[in-house]
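Chains as they are written, first to last, in this note's numbering: chain A, 1 to 351; chain B, 1001 to 1351.
Glycine residues also receive a C-beta, built at the ideal position from the N, C-alpha and C atoms.
Predicted model, so just to flag it, every value in this text is computed and none were measured.
This report refers to the structure that appears directly beneath it.
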């Protein structure tokens, strides 16, 4: 199995720790190394050291290379500009040698937390086997909802369930409202969409040709062009900016799903990071040097320096070298609005 | 009038900005200079440049001297160790030359905010005149309560009121509970005790002799000792540690009070600092580089770096070089508990 790690984003909801040149996937948010390095280590038993590829931006390629020193530069693919997941995945797959594309490729975001890594890999092995057999065009990974999360997309599986095998996805659903999320959690047939896809590379490019013909043609033009960086850059910028979920997955009639019972979290915000950290007796989760007095259920994150809290509840308090953020944990999604405000204020020093 | 500024404390409720060697009175919390320098400027029109004395600790004397470069070192009195207000004031007065002690001395804490400085000085002039006349042993300053504060002591004035003159204090009361504070605010006869006292120096020492005879004797022993620093240090450490309110004021039968209508705040905590700062349209009060999105009634204080808040209400968020504090504004008194915890943890780096 080939593992393709997507590492091109910024993760602006992790401001102030994440920045343009120090994006989320390069941060050590949970201890044990950067999220990217942890992701690579997690999949290496599946892919082997020679089976890992990373798709990032040209700007971040050297930082990725330092983070994964054993990865040869030829397997770090730097997008000329950040587009969206459909062009990025298509371009990365098209950039691989033809014999690699013949095999099964698994696409992984670089910002996931997994509690039971062996259970996670076991599900992927089942998924890869199904992708080889060709019973489904694409196989996704579903996670049994641990709570009624409104920030994730879900997959609804077709009845009846398939014991220990590969299920069929009935439909994808977008982020639900709280009532729908509660119904999904109770249904037993709705699973968090982990954003992980398995497919044969050749099959994926065929699917692009059928469902995203313009994007597929753009990828072929890019593949034919070699040498002129400016021209490549222009061609890349012309690719349709669409997510693989909307652009492709929702159009496919045969999508498989392997259910992984592994403890999973997409680390999408300070709120979900908190869920992945162990709580102390007062429900506080802490990273770095922190002091809490009469404070409950907070995330206290000190990237250097000390964070002290007294008498507060349910907050995320994040300190980094030059900035502090305070936000209720349940509103951690809104941190983007701070980043938007800083951008509007021209505060590139903080971005 | 002689102005004696008390500048020996630490102000631990202003942690993390206040520290052992950088106490509250040396901080520029409101802009316009350190609280000590602002206090000296405020009283200079009353006392003249030659009439200002400062009582601090030996440890802080050089920092005080840098803060008030025009003050000759002989008028900076450094306590061998920090005791309490009764020994500090008594010792400072006893240390002044006899001809200075003949006149009226006004004692000022170094951490007050005053909105209308001329109204403040006008009240003090009335108080000084009363102290000269000798109608009262000591004259205090009362402030009409702007809100039902539970963190201040109050003076209750005797009926009937004296128009524009010097009232008589019926009794001092300690910090009231919320109901009592509301009653005090409504009564028209209860005023915040500003902790400012006016007296003739000679009279004060007589009162010490009568009501605090042991302390008075200790002060005389200290005055007789000159030269041996170790001996002075030991004598000073032996002085009774009692506040001037409990040790003296509550025992006196004739205390005057001048009411000052000047806008006043004792800057005792981040909560009261917030009250002294102008609010923006969302009720936020800010110092330094701050960003607030959908946040109301917070104090955002950035002593360097940036403080960003989203979706929070009624908090004090304070950032300094090495530490961040988050506390509800209404619980700002409890910041001491963080300092106590740090002391218990042996974190002198943060004290």
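**Message:** Here's the rule: buried if 16 or more other CB atoms are within 10 angstroms of the residue's CB, otherwise exposed. What is residue 1311 (chain B)?
**Reply:** Classification of residue 1311 (chain B): buried, given that the 10 Å Cβ count is 16 or more.
**Where the segment 320-349 of chain A meets chain B: residues whose CB sits under 7 Å from a CB there** = Taking 7 Å as the cut-off between beta carbons, the residues of the segment 320-349 of chain A near chain B are 322, 323, 324, 325, 326, 327, 328, 331, 334, 335, 337, 338, 341, 342, in sequence order.
**Message:** Tell me the residue span of the beta strand (DSSP E) that contains residue 1373 (chain B).
**Reply:** Nothing can be reported for residue 1373 (chain B): it is not among the residues displayed for chain B, which extend from 1001 to 1351.
**Item:** the segment 10-29 of chain A: positions lying closer than 9 Å to chain B by Cβ
**Value:** Going along the segment 10-29 of chain A in chain order, one finds 15, 16 with a Cβ nearer than 9 Å to chain B.
**Cβ-based burial, residue 1356 (chain B) [other Cβ within 10 Å; buried from 16]** = For residue 1356 (chain B) there is no data in the structure shown, the boundaries of chain B being 1001 and 1351.
**Item:** 7 Å Cβ cutoff met for residue 326 (chain A) and residue 308 (chain A)
**Value:** Not closer than 7 Å, so no.
**Contacts of residue 311 (chain A) in chain B (Cβ-Cβ under 8 Å)** = Result: 1327, 1328, 1331, 1334.
**Asked** For the segment 1275-1297 of chain B, which residues have a CB atom closer than 7 Å to at least one CB atom of chain A, in sequence order?
**Response** Residues passing the 7 Å Cβ filter: 1291, 1293.
**Message:** Within 10 Å of its beta-carbon, does residue 87 (chain A) have 16 or more other beta-carbons around it, so buried, or fewer, so exposed?
**Reply:** With a 10 Å radius around the Cβ and a threshold of 16 neighbouring Cβ atoms, residue 87 (chain A) comes out buried.
**Prompt:** What are the uninterrupted segments assigned as beta strand (DSSP E) that are 3 or more residues long and contained completely in the segment 1084-1172 of chain B, given in chain order?
**Reply:** Within the segment 1084-1172 of chain B, the complete beta strand (DSSP E) runs of at least 3 residues fall at 1104-1109, 1138-1143, 1154-1157.
**Message:** Taking contact to mean 3 or more Cβ pairs, one atom from each stretch, closer than 8 Å, check whether the segment 1128-1142 of chain B and the segment 1160-1170 of chain B are in contact.
**Reply:** Yes, since at least three Cβ pairs between the segment 1128-1142 of chain B and the segment 1160-1170 of chain B fall closer than 8 Å, the two stretches touch.
**Prompt:** Helix or strand or just coil, what does DSSP make of residue 78 (chain A)?
**Reply:** When secondary structure is reduced to three states using DSSP, residue 78 (chain A) falls in the strand class.
**Message:** Strictly by DSSP, which residues pair up with residue 1016 (chain B)?
**Reply:** Answer is none; residue 1016 (chain B) lacks a bridge partner.
**Asked** If we ignore side chains and look at the alpha-carbon of each, how far apart do residue 1109 (chain B) and residue 1037 (chain B) end up?
**Response** Approximately 12 Å between the Cα atoms of the pair.
**Prompt:** Nearest chain B C-beta to residue 306 (chain A) closer than 7 Å, yes or no?
**Reply:** By this cut-off, residue 306 (chain A) is an interface position.
**Asked** Are there 16 or more other CB atoms within 10 angstroms of the CB of residue 66 (chain A), so buried, or fewer, so exposed?
**Response** The residue in question, residue 66 (chain A), is exposed, as its Cβ has fewer than 16 Cβ neighbours within 10 Å.
**Asked** From this set, B:1275, B:1029, B:1008, B:1261, which residue's C-alpha is nearest residue 1122 (chain B)'s C-alpha?
**Response** Out of B:1275, B:1029, B:1008, B:1261, the CA that lies nearest to the CA of residue 1122 (chain B) is found in B:1261.
**Counted within 10 angstroms of its Cβ, other Cβ atoms place residue 1024 (chain B) as buried (16 or more) or exposed** = Burial call: buried.
**Asked** Going straight from the alpha carbon of residue 269 (chain A) to that of residue 147 (chain A), what length do you get?
**Response** Approximately 16 Å between the Cα atoms of the pair.
**Prompt:** Are residue 293 (chain A) and residue 1341 (chain B) close, meaning C-beta to C-beta below 7 Å?
**Reply:** Yes, these two residues count as a Cβ contact at 7 Å.
**Asked** So, is the C-beta of residue 138 (chain A) closer than 7 Å to a C-beta in chain B?
**Response** For residue 138 (chain A), no CB of chain B lies under 7 Å from its own CB, so it is not counted at the interface with that chain.
**Item:** Partners in chain A for residue 1315 (chain B), counting only beta-carbon separations shorter than 9 Å
**Value:** Chain A residues near residue 1315 (chain B): 312, 315, 326.
**Asked** In three-state DSSP terms, what is residue 55 (chain A)?
**Response** Note: residue 55 (chain A) maps to strand in three-state DSSP.
**Request:** Could you round the C-beta distance between residue 1302 (chain B) and residue 1329 (chain B) to whole angstroms and report it? I think they count as a contact, below 8 Å.
**Result:** The Cβ separation is near 16 Å, so there is no contact.
**Message:** On a Cα-Cα basis, can you pick out the residue from A:179, A:178, A:156, A:176 that is closest to residue 170 (chain A)?
**Reply:** Among A:179, A:178, A:156, A:176, the Cα nearest to that of residue 170 (chain A) is on A:156.
**Asked** So, are the CB atoms of residue 1299 (chain B) and residue 1274 (chain B) less than 7 Å apart?
**Response** Their beta carbons are under 7 Å apart, which means residue 1299 (chain B) touches residue 1274 (chain B) by this criterion.
**Asked** Should the segment 1040-1053 of chain B be regarded as contacting the segment 1093-1109 of chain B, the criterion being three or more beta carbon pairs within less than 8 Å?
**Response** Taking a cut-off of 8 Å for Cβ pairs, the segment 1040-1053 of chain B and the segment 1093-1109 of chain B touch, as three or more such pairs fall below it.
**Item:** Completely contained alpha helix (DSSP H) runs for the segment 269-326 of chain A, where each covers 4 or more residues
**Value:** Look at the segment 269-326 of chain A and you find these whole runs of alpha helix (DSSP H), each 4 residues long or longer: 270-276.
**Request:** For residue 1316 (chain B), count neighbouring Cβ atoms within 10 angstroms of its own Cβ and tell me buried if that reaches 16, exposed if not.
**Result:** Label assigned to residue 1316 (chain B): buried.
**Item:** Secondary structure of residue 194 (chain A), DSSP reduced to three states
**Value:** In the structure shown, residue 194 (chain A) falls within a strand segment according to DSSP collapsed to helix, strand and coil.
**Prompt:** Quick one: what does DSSP say residue 328 (chain A) is sitting in, helix, strand or coil?
**Reply:** Looking at residue 328 (chain A) - three-state DSSP - the assignment turns out to be strand.
**Message:** According to DSSP, simplified to helix, strand and coil, what is residue 1260 (chain B)?
**Reply:** In the structure shown, residue 1260 (chain B) sits in a strand (DSSP, three-state: E or B).
**Request:** Give the secondary structure of residue 1004 (chain B) by DSSP, where H, G and I count as helix, E and B as strand, and everything else as coil.
**Result:** Secondary structure at residue 1004 (chain B): strand, using DSSP grouped into helix, strand and coil.
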